[in-house]
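K.L.:
Protein chains in written order, with the numbering used here: chain A, 760 to 914; chain B, 760 to 914. For every residue, glycine included, the Cβ atom is placed at its ideal position computed from N, Cα and C.
2 protein chains.
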Amino acid sequence: MTSNPLAKHKLTILYGVSLALLLFLLKWLELKLMIVNHAYEAYIGAVAIFFTTLGIWISLKLTKPKTVFVEKAVYINQSPGFTINQTELDKLGLSKRELEVLQLMAEGLSNQEISERLFVSLNTIKTHSAKLFEKMEVKRRTQAVEMAKRLCIIP
Amino acid sequence: MTSNPLAKHKLTILYGVSLALLLFLLKWLELKLMIVNHAYEAYIGAVAIFFTTLGIWISLKLTKPKTVFVEKAVYINQSPGFTINQTELDKLGLSKRELEVLQLMAEGLSNQEISERLFVSLNTIKTHSAKLFEKMEVKRRTQAVEMAKRLCIIP
DNA sequence: ACCGGGCTCATACTTTAGGATGATTTTGAA
DNA sequence: TTCAAAATCATCCTAAAGTATGAGCCCGGT
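#1: Could one say the Cβ of Glu-875 of chain A lies closer than 7 Å to chain B's Cβ atoms, at least one of them?
#2: Does Lys-823 of chain A pass the burial test, meaning 16 or more other C-beta atoms within 10 Å, or should it be called exposed?
#3: What would DSSP say about Ile-884 of chain B, mapped onto helix, strand or coil?
#4: Less than 7 Å between the beta carbons of Glu-859 of chain A and Leu-891 of chain A, yes or no?
#5: Starting from Met-864 of chain A, find everything on chain B with Cβ-Cβ shorter than 7 Å and list it in chain order.
#6: Rounded to whole angstroms, what is the Cα-Cα separation between Asn-870 of chain A and Gln-862 of chain A?
#7: From His-887 of chain B to Cys-911 of chain A, what distance separates their C-alpha atoms?
#8: In whole angstroms, give me the CA-to-CA distance for Leu-853 of chain B and Met-864 of chain B.
#9: Can you name the residues of chain A whose CB is closer than 7 Å to the CB of Ser-869 of chain B?
#10: Report the option in B:Met-906, B:Ser-880 and B:Leu-868 whose CA atom is closest to the CA atom of Leu-851 of chain B.
#11: Just how far apart, CA to CA, sit Lys-894 of chain B and Glu-893 of chain A?
#12: Hey, how far is the Cα of Ile-873 of chain A from the Cα of Glu-866 of chain A?
What follows is the structure, given as structure tokens:
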């Protein structure tokens, strides 16, 4: 998202600093325990436990969540209380005017009638409908209407 | 799944045995390196690297995959409990074939496609559709489909 | 056997829809 | 302000839809 190079490598820098601090801690521990030589095994154990934990933590942080797509069938009851499916509408990326044309198409109007209704020329409606079909990936107005109704874009 | 208590803790036991073997290895390495005291830091480093790797491996093995459930709606056009309005259908006086053509029209098929679907010629479909429009008192196929849906003649 | 309706198909024609492309203006967001 | 998308309109052309009319075939009812 942010193009800031510092922010981009924030995590890497953090890891580096953490490791540096860790090395200091280890050195200190080492010197301290050198005196009490009996605690040598304990030192090794502590190192082992610490790095095991570190490894676990790192992998937990770095593993990307595995996404599982679950298809869920949804029956749409469109007659009582129709609400337009904004999600599907956005997915198609239709413009305001294109949607208007689509709605009038669904009412069974011809391009000529639509152009008169919207006070624009017939050619404009043709352009709109062409872009409409392209976006909806259909070939005919009847298909567009059928699809729009199935996706609950129009009542 | 299996109710066998041994199998149930097979993984735990395996880890335990592995750790025991590991401790032996460490002890051996320790003794070996004690002679060459200069390699002490290298030993610590090896332990650190090994246990980091071990930690990563363990967490990768043990963590359940993080699943992100994405609901993907599959829209089913046939609303459950659609009943054709026989009264309105009779009122129109459509023949069996004309109704078939109307249904395929509603699916967005062209006359050509309908003719191929019904194994008849394009001209036949044109004749049917013309009679259809006359009986339904509409001018275009889009109007016919809109009317048919509104009258619950087709889903 | 005869008749009518449904189904089929054909020809000829007009209208509408749709595709491809280019241009201009408006407008909304960065 | 500047830039991209949206909206507008045009021309040229092809494909599809729709109209009109006529004709042959089959099936069920009278």
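P.N.:
Working from what's here:
#1: no
#2: Caution is warranted here: a pLDDT of 44 is assigned to Lys-823 of chain A, below 50, making its placement in the model unreliable, and no coordinate value can be reported.
#3: helix
#4: no
#5: Thr-901
#6: 12 Å
#7: Rounded to whole angstroms, His-887 of chain B to Cys-911 of chain A spans 30 Å at the Cα level.
#8: 14 Å
#9: Arg-899
#10: B:Met-906
#11: 34 Å
#12: 10 Å
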